[in-house]
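To convert, take the position in the sequence shown, counting from 1, and add 206; that gives my numbering. Below is one structure, written out as structure tokens; comments come after it.
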Amino acid sequence: MMNSTEIKEKYHNYVMSNYYPPSLVLVKGKGTRVWDIDGKVYLDFVGGIACQNVGHCHPKVTEAIQQQAAKLVHVSNLYHNEYHGLLAEKLSSLSLGGKCFFCNSGAEANEALIKLARLWGSDLGKYEVISMKNSFHGRTLASLAATGQTKYQDGFEPLPDGFLYAELNNLDSIKSLISGRTAAVLVEAVQGEGGVIPATLEFMQGLRTLCDEKNILMFCDEVQCGMGRTGKWFGFQKSGVKPDAFSLAKSLGSGYPIGAIVTGPKVADVFHPGHHASTFGASPLACSAALATLRVIEEENLVERASEAGRRFRTGLEKFVGQYENVKGVRHSGLMLGLVVDKPAKELTKILTEMNLLAIPTGDTVVRFLPPLTVKDSEIDEALEILDDALAQWHGVTKEDAE
Ligand SMILES: *Cc1c(COP(=O)(O)O)cnc(C)c1O
Numbered sequence: 207m208m209n210s211t212e213i214k215e216k217y218h219n220y221v222m223s224n225y226y227p228p229s230l231v232l233v234k235g236k237g238t239r240v241w242d243i244d245g246k247v248y249l250d251f252v253g254g255i256a257c258q259n260v261g262h263c264h265p266k267v268t269e270a271i272q273q274q275a276a277k278l279v280h281v282s283n284l285y286h287n288e289y290h291g292l293l294a295e296k297l298s299s300l301s302l303g304g305k306c307f308f309c310n311s312g313a314e315a316n317e318a319l320i321k322l323a324r325l326w327g328s329d330l331g332k333y334e335v336i337s338m339k340n341s342f343h344g345r346t347l348a349s350l351a352a353t354g355q356t357k358y359q360d361g362f363e364p365l366p367d368g369f370l371y372a373e374l375n376n377l378d379s380i381k382s383l384i385s386g387r388t389a390a391v392l393v394e395a396v397q398g399e400g401g402v403i404p405a406t407l408e409f410m411q412g413l414r415t416l417c418d419e420k421n422i423l424m425f426c427d428e429v430q431c432g433m434g435r436t437g438k439w440f441g442f443q444k445s446g447v448k449p450d451a452f453s454l455a456k457s458l459g460s461g462y463p464i465g466a467i468v469t470g471p472k473v474a475d476v477f478h479p480g481h482h483a484s485t486f487g488a489s490p491l492a493c494s495a496a497l498a499t500l501r502v503i504e505e506e507n508l509v510e511r512a513s514e515a516g517r518r519f520r521t522g523l524e525k526f527v528g529q530y531e532n533v534k535g536v537r538h539s540g541l542m543l544g545l546v547v548d549k550p551a552k553e554l555t556k557i558l559t560e561m562n563l564l565a566i567p568t569g570d571t572v573v574r575f576l577p578p579l580t581v582k583d584s585e586i587d588e589a590l591e592i593l594d595d596a597l598a599q600w601h602g603v604t605k606e607d608a609e
């Protein structure tokens, strides 16, 4: 077996440099914990970037994947498999009551939403998509064009045409961009990569009304905030509105790649044979992983658990505001949390990693926490203690001095 130095050397020599070189080599995960190659254990509040809502290697998901892997992995959409319609029915009944399309990632799901908007609008002369500034929708060219942050786009121009950017929680900024060409508005119910920024209920409700008035599709990107994380199955459900369609990926297969779009009645039948496809989409293995994940979320009441655990964590984080002058605030929706600081967030996540707690910087000055929805109260308290120590160290004073 290779040691950690050899593993990093091979990575350095042969893997393209599009990621910052990681510091940890992880070999095992269970629930809220991961183990590195040297046996050190970490409390994982990253969860593969919001992909482990049921925790690492949940026994029921592992069993479903293992059994299906031994039975039938992939046959393509030239044939039915046992689970494709079942998974679509489940997602539909939890949300919009329409139909689904399956693919393999969040970006690919958003591409499908964009193609759906274009096809729906093609006879009406509508093709533009309005997305939000500070949003994140993926790295393929169209999802990148929808992403309202130039730092991800620079150097990749020309991007596909037809994308406009409005301000989240500002209906007037959307109104000013709407024209006869507008096909859809795309919004994250909680901006994840943008720094854990929830859309307000009034904004979501106003947007629904506006889209109805103007015959524009309302789309939500639920890739990060979906699957129970916000304390509702899907983030938009907090505002009581129904978009015309939404995208999913990340936690849908508990880390096994699967993306989806879920539609309501208005656009459920827009795609006809030949319009869109994905070779791996809805493979029996991916569908089994997703069905097992949905079952676990239901059986263990993880949607309610996300609200409850999120409140506990938030209350703990809020104590640091005031206690440490580098901590400026807390953002939160269920178990999506952000600690707003006034120095580079990367410095703090580095200290946290050394203290065995994994978290991710987002934006420049937000430390984001995306623990599994299965996280125990004791694990939240443990994370808060580690944070307390890390903040004290970051602040350059002992904990007693800070109190
Ligand atoms: C991660 C993410 C994506 C992109 O998903 P990939 O699977 O990396 O393509 C899209 N939208 C949101 C909101 C995300 O958080």
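C-beta: ideal position from N, C-alpha, C; glycine also. On a predicted model such as this, the values are computed, not experimentally measured, just so you know.
What is the DSSP secondary structure of Glu428, counted as helix, strand or coil?
coil
Measure the alpha-carbon distance for Ala389 versus Tyr333 and round it to whole angstroms.
5 angstroms
Kindly examine ligand 1 and report whether one of its heavy atoms sits closer than 8 angstroms to the Cβ of Ala313.
yes
Give the DSSP-derived three-state secondary structure of Pro404 in the structure shown.
strand
C-beta atoms of Ala495 and Tyr530 nearer than 9 angstroms
no
If you run the structure through DSSP and keep just helix, strand and coil, what is Ile566?
strand
Strand pairing of His262, partner residues [DSSP]
BP columns for His262 point to Gly237.
Which of the three DSSP states is assigned to Ala496 in this structure?
helix
Count the C-beta pairs between the region 376 to 389 and the region 427 to 436 that are closer than 8 angstroms, then say yes if the count reaches three, no if not.
no
Can you find at least 3 beta carbon pairs, one from the region 306 to 315 and one from the region 362 to 370, that sit closer than 8 angstroms?
Fewer than three beta-carbon pairs drawn from the region 306 to 315 and the region 362 to 370 are found closer than 8 angstroms, and the two stretches are therefore not classed as touching.
Have a look at the DSSP bridge pairing and note the partners of Gln397.
Ile403
The region 246 to 266 / the region 578 to 589 touching (three or more Cβ pairs under 8 angstroms):
yes
Should the region 482 to 500 be called in touch with the region 291 to 302, which here means at least 3 C-beta pairs below 8 angstroms?
yes
Residues near Ala608 by beta carbon distance below 8 angstroms, same chain, minus five either side:
Bear in mind that the predicted position of Ala608 carries a pLDDT of just 48, short of 50, making it too unreliable to give a figure here.
Asp329 to Leu454 span [Cα, whole Å]
Asp329 and Leu454: Cα-Cα distance of roughly 27 angstroms.
Measuring from the CB of Lys456, is there a heavy atom of ligand 1 at a distance below 8 angstroms?
yes
Any heavy atom of ligand 1 within a distance shorter than 8 angstroms of the CB on Asn224?
no
Nonlocal neighbours in the same chain, by C-beta distance under 6 angstroms from Ile566, ignoring five residues either side:
Answer for Ile566: Val252 and Arg574, listed in chain order.
Quick one: Cα of Phe486 to Cα of Ala270, how far?
18 angstroms
With a 10 Å radius around its C-beta and 16 neighbouring C-beta atoms as the bar for buried, classify Lys456 as buried or exposed.
With 16 or more Cβ atoms within 10 Å of its Cβ, Lys456 is classed as buried.
Val402 vs Val396 beta-carbon contact at 9 angstroms
yes
To the nearest angstrom, how far is it from the Cα of His280 to the Cα of Ser484?
12 angstroms
Can you find at least 3 beta carbon pairs, one from the region 538 to 549 and one from the region 434 to 445, that sit closer than 8 angstroms?
yes
Rounded to whole angstroms, what's the CA-CA distance from Lys552 to His286? Just pull it up for me.
Annotation: Lys552 to His286 spans about 47 angstroms, alpha carbon to alpha carbon.
I'd like the span of the alpha helix (DSSP H) that includes Ala451, first residue to last.
Per DSSP, Ala451 lies in no alpha helix (DSSP H) segment; the continuous beta strand (DSSP E) that holds it begins and ends at Ala451 to Leu454.
As a quick exercise: from Leu543, Gly569, Asp594 and Gly398, pick the residue whose alpha carbon is nearest that of Leu558.
Asp594
Leaving out the 5 sequence neighbours to the left and right, which residues in its chain are closer than 6 angstroms to Gly569 when beta-carbon positions are compared?
Gly401
Residues bridged to Lys438 [DSSP beta-bridge criterion]
Lys438 is not bridged to any residue.
Using 8 angstroms as the cut-off, classify the Cβ of Cys431 as near or not near the heavy atoms of ligand 1, replying yes or no.
yes
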